[in-house]
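Working notes, structure below.
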Amino acid sequence: MSVVSRRMLLTAGLAAAGTSVVAAAATVGRRFGLVPPDAAGWFGPGETLTYAAHRLVGRHAMAREFPREMISAKPFANSTRRRDEAFLAHQATGFTTWRLAVDGLIERPLLLSLDELRALAVSRQITEVSCEEGWSYIAEWIGTPLGAVLDAAVVKPEARYVVYQSHDEDAWDSVDIDEARHAQTILAWGMNGGELPVPFGGPLRMRVPRQLGYKSTKFVNRLVVVDSLADWGTGKGSADAEGGYSWYAGI
Amino acid sequence: MRRRHSGVVRVTHWLTTLAFFALLVSGIEVLLSHPRFYWGETGNVGETPLFSLPVPSSRSTVPTGYGYVLPDQNGWSRYLHFQSAWLLGLTGVAYFVSGLRTGHFRRNLVPGSADLRWSAVRRTFAEHVRVPAASARDPLSYNLLQRLAYVVVIFVLVPCVIWTGLAMSPGFAAIWPATVTLLGGKQSARTLHFAVSVALVLFLFVHLAMLVLAGFPARVRAMITGDAEVRA
Numbered sequence: 736m737s738v739v740s741r742r743m744l745l746t747a748g749l750a751a752a753g754t755s756v757v758a759a760a761a762t763v764g765r766r767f768g769l770v771p772p773d774a775a776g777w778f779g780p781g782e783t784l785t786y787a788a789h790r791l792v793g794r795h796a797m798a799r800e801f802p803r804e805m806i807s808a809k810p811f812a813n814s815t816r817r818r819d820e821a822f823l824a825h826q827a828t829g830f831t832t833w834r835l836a837v838d839g840l841i842e843r844p845l846l847l848s849l850d851e852l853r854a855l856a857v858s859r860q861i862t863e864v865s866c867e868e869g870w871s872y873i874a875e876w877i878g879t880p881l882g883a884v885l886d887a888a889v890v891k892p893e894a895r896y897v898v899y900q901s902h903d904e905d906a907w908d909s910v911d912i913d914e915a916r917h918a919q920t921i922l923a924w925g926m927n928g929g930e931l932p933v934p935f936g937g938p939l940r941m942r943v944p945r946q947l948g949y950k951s952t953k954f955v956n957r958l959v960v961v962d963s964l965a966d967w968g969t970g971k972g973s974a975d976a977e978g979g980y981s982w983y984a985g986i
Numbered sequence: 166m167r168r169r170h171s172g173v174v175r176v177t178h179w180l181t182t183l184a185f186f187a188l189l190v191s192g193i194e195v196l197l198s199h200p201r202f203y204w205g206e207t208g209n210v211g212e213t214p215l216f217s218l219p220v221p222s223s224r225s226t227v228p229t230g231y232g233y234v235l236p237d238q239n240g241w242s243r244y245l246h247f248q249s250a251w252l253l254g255l256t257g258v259a260y261f262v263s264g265l266r267t268g269h270f271r272r273n274l275v276p277g278s279a280d281l282r283w284s285a286v287r288r289t290f291a292e293h294v295r296v297p298a299a300s301a302r303d304p305l306s307y308n309l310l311q312r313l314a315y316v317v318v319i320f321v322l323v324p325c326v327i328w329t330g331l332a333m334s335p336g337f338a339a340i341w342p343a344t345v346t347l348l349g350g351k352q353s354a355r356t357l358h359f360a361v362s363v364a365l366v367l368f369l370f371v372h373l374a375m376l377v378l379a380g381f382p383a384r385v386r387a388m389i390t391g392d393a394e395v396r397a
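So the protein sequences, as listed, match chains A and B.
Note that the working numbering numbers the first sequence so that position 119 is 854, with each residue one more than the last.
Note that the working numbering numbers the second sequence so that position 55 is 220, with each residue one more than the last.
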């Protein structure tokens, strides 16, 4: 057999093997939740590698927590959209009118006031907010674990993602069910010992400390448990992903 | 004609080139959203920076002194940065495995003990500074300075740029916290990532300058075809 034909044979064999490996990996990946919703397109391979690697190695890894003396003296609130009339009306009542709606693939739809949310469970963490731009700060976050809310609503077995919506309708996002049930994923209503200030997302914001700051959506007012993100927007899983930012922000 | 570069070296060289430029362009784009650097764990516009770059920013929240804000390019830049990082990492793994198996590091990169004698070091250095093109006399081997430069880039700078990059990832830092605590915090990691990147860009300039002095077409051809012309 000549060298050229052996090389061609080898190349063809490797290409065929490579294609079937990729196809098999895609099937297995979808089965075990290793493919992010924004995996289509040019940057799908990199996104999928990162998401799959983090889920395979660190599904239960804990975000770093810090001693109290490391809490930033000057946390940075970043800019938020101008609050509308409806928000100001909630604010005027001290947010006693604020409600968190929970629906989707659950047995018991909920409509929780902040007091009812606090009564479910309380969790505290001193974690870092890391913005994709590069800056960061450390704060104490006090809130109710998202998992406790999901338990109260009794999630159906086919649930795969939790979509969260904000009073700012342009700011919806979602996490997979593992991230949603992670002990450090909380609905925060307190910060540094006090109530959560409005510039930091008060009265209620999501905190996902294993991911970049933009996953920690401010002014959360609705959770929807779903088995697929295909029907949400263009199916990429979040407003940020629609705007060209990656859905999985653990990098 | 004699073989100068093996197939693995040539393929990984050009894949690394591709990844490097993608990382450089996207890295600069991401940097423009916050061209300030800090030391320690945290840092933001409310804190005094270690140093700032005198460039405009793509965010209105950053006080740059410029009266305008650049367009936000972080979406595709971040996607491209991490995809290219995977390309660099996987290419690096293939290169290291092959380099260990074939003896490429020992034969071509690690300086020989004779080259490390002080008289030899001085001679090589003097020759290299006086006539950088002198290395072209032996197109089949690297002299001491070349070997040291490549060893530092391959075994120190590239691993450091990957490490400092991973240390900034909240997901990776959760999996392996020592990545960031050993560096003194996330903002230290970011500042070091920038410093190592600058060092790599400086290496690129020297690398390209030497290439031009030694004969750009011949050297690039050697890295594509693997062959070097040797005059008897």
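No residue lacks a Cβ here, since even glycine has one placed at the ideal position from N, Cα and C.
Taking the alpha helix (DSSP H) that residue i belongs to, which residues open and close that run?
i: I193 (chain B); result: 172-196
i: Y315 (chain B); result: 309-317
i: P382 (chain B); result: 351-390
i: G885 (chain A); result: The sequence given here has Leu at residue 885 (chain A), not Gly. Per DSSP, L885 (chain A) belongs to the alpha helix (DSSP H) from 881-888.
i: R288 (chain B); result: 283-295
i: L245 (chain B); result: 239-267
i: I845 (chain A); result: It is worth fixing the name first, because residue 845 (chain A) is Leu in this sequence and not Ile. Where L845 (chain A) is concerned, there is no enclosing alpha helix (DSSP H), although the beta strand (DSSP E) it sits in stretches over 845-847.
i: V220 (chain B); result: First-last for V220 (chain B): undefined, no H or E at that position.
Measure the Cβ-Cβ separation of residue i and residue j and say whether it is below 8 Å.
i: L309 (chain B); j: P276 (chain B); result: yes
i: V897 (chain A); j: L958 (chain A); result: yes
i: I877 (chain A); j: W833 (chain A); result: no
i: Y899 (chain A); j: V933 (chain A); result: no
i: E875 (chain A); j: T207 (chain B); result: no
i: A888 (chain A); j: L845 (chain A); result: yes
i: R853 (chain A); j: T879 (chain A); result: yes
i: D905 (chain A); j: A974 (chain A); result: yes
i: F811 (chain A); j: G211 (chain B); result: yes
i: G948 (chain A); j: S865 (chain A); result: yes
i: L322 (chain B); j: A364 (chain B); result: yes
Would you give the residue range spanned by the beta strand (DSSP E) that residue i belongs to?
i: N956 (chain A); result: 955-961
i: D908 (chain A); result: 908-911
i: Q826 (chain A); result: Careful: Q826 (chain A) lies outside any beta strand (DSSP E), inside the alpha helix (DSSP H) at 820-827.
i: V897 (chain A); result: 896-901
i: A1045 (chain A); result: As displayed, chain A neither begins before 736 nor continues past 986, which places residue 1045 (chain A) out of reach and without an answer.
i: Q860 (chain A); result: 858-865
i: D838 (chain A); result: 835-839
i: L784 (chain A); result: Counting along the chain, L784 (chain A) falls outside any beta strand (DSSP E), though it belongs to the alpha helix (DSSP H) covering 779-793.
With a cut-off of 8 Å, does the C-beta of residue i fall near any C-beta of chain A?
i: G349 (chain B); result: no
i: Y244 (chain B); result: yes
i: A397 (chain B); result: Its pLDDT being 41, under 50, A397 (chain B) is placed unreliably in this model, and the value from its coordinates should be taken loosely. Chain A contact via Cβ: absent.
i: Q311 (chain B); result: no
i: L180 (chain B); result: no
i: G391 (chain B); result: no
i: W241 (chain B); result: yes
i: S198 (chain B); result: yes
i: R169 (chain B); result: no
i: G172 (chain B); result: no
i: R355 (chain B); result: yes
Sort the options by Cα distance to residue i and report the nearest one.
i: S814 (chain A); options: B:G268, B:S225, B:A393; result: B:S225
i: R817 (chain A); options: A:V960, A:G968, A:D903; result: A:D903
i: Y980 (chain A); options: A:E868, A:F801, A:A796, A:S740; result: A:E868
i: R272 (chain B); options: B:R169, B:L215, B:L373, B:G192; result: B:R169
i: V317 (chain B); options: B:V361, B:G350, B:A354; result: B:V361
i: I806 (chain A); options: B:S217, B:G205, B:S263, B:Y260; result: B:G205
i: P200 (chain B); options: B:S222, B:L188, B:V173, B:V363; result: B:S222
i: V857 (chain A); options: A:W907, A:A796, A:A883, A:I873; result: A:A883
i: H825 (chain A); options: A:P938, A:R942, A:S951; result: A:P938
i: D773 (chain A); options: A:T783, A:R766, A:G764; result: A:T783
i: E930 (chain A); options: A:A976, A:Y983, A:D966, A:F830; result: A:F830
Give the residues of chain B in contact with residue i, contact being defined as C-beta atoms less than 7 Å apart.
i: Q946 (chain A); result: P335, G336
i: P780 (chain A); result: Q248
i: T785 (chain A); result: F247
i: G978 (chain A); result: G240
Would you mind telling me which residues of chain A sit closer than 8 Å to residue i, beta carbon to beta carbon, in chain order?
i: E206 (chain B); result: F801, M805, E863, S871, I873
i: V210 (chain B); result: F811, W870
i: P342 (chain B); result: R799
i: W251 (chain B); result: P780, G781, L784, T785
i: R175 (chain B); result: Per Cβ cutoff of 8 Å: no residues; R175 (chain B) is ~16 Å from chain A at best.
Is there at least one non-hydrogen atom of the ligand GTP closer than 7 Å to the beta-carbon of residue i?
i: F767 (chain A); result: Within the structure as shown, the ligand GTP is missing, as the structure has no ligands at all.
Taking residue i as the query, report the chain A residues whose CB atoms sit under 9 Å from its CB, ordered along the chain.
i: F124 (chain B); result: Because chain B here runs from 166 to 397, residue 124 (chain B) falls outside it and cannot be looked at.
Between residue i and chain B, is the shortest Cβ-Cβ distance under 8 Å, so that the two count as touching?
i: T920 (chain A); result: no
i: I912 (chain A); result: no
i: V792 (chain A); result: yes
Name the chain B residues whose beta carbon is nearer than 8 Å to that of residue i?
i: A887 (chain A); result: Neighbours of A887 (chain A) on chain B: none; closest Cβ ~26 Å, over 8 Å.
Which residues in chain E sit within 8 Å of residue i, going by Cβ to Cβ distance?
i: M797 (chain A); result: Absent here is chain E; the protein component of the structure consists of chains A and B.
Against residue i, what residues of chain A qualify as contacts under a CB-to-CB distance less than 7 Å, listed in chain order?
i: T226 (chain B); result: N813, S814
Determine the chain B residues that contact residue i at a beta-carbon separation under 9 Å, and present them in chain order.
i: S981 (chain A); result: G240, R243, Y244, F247
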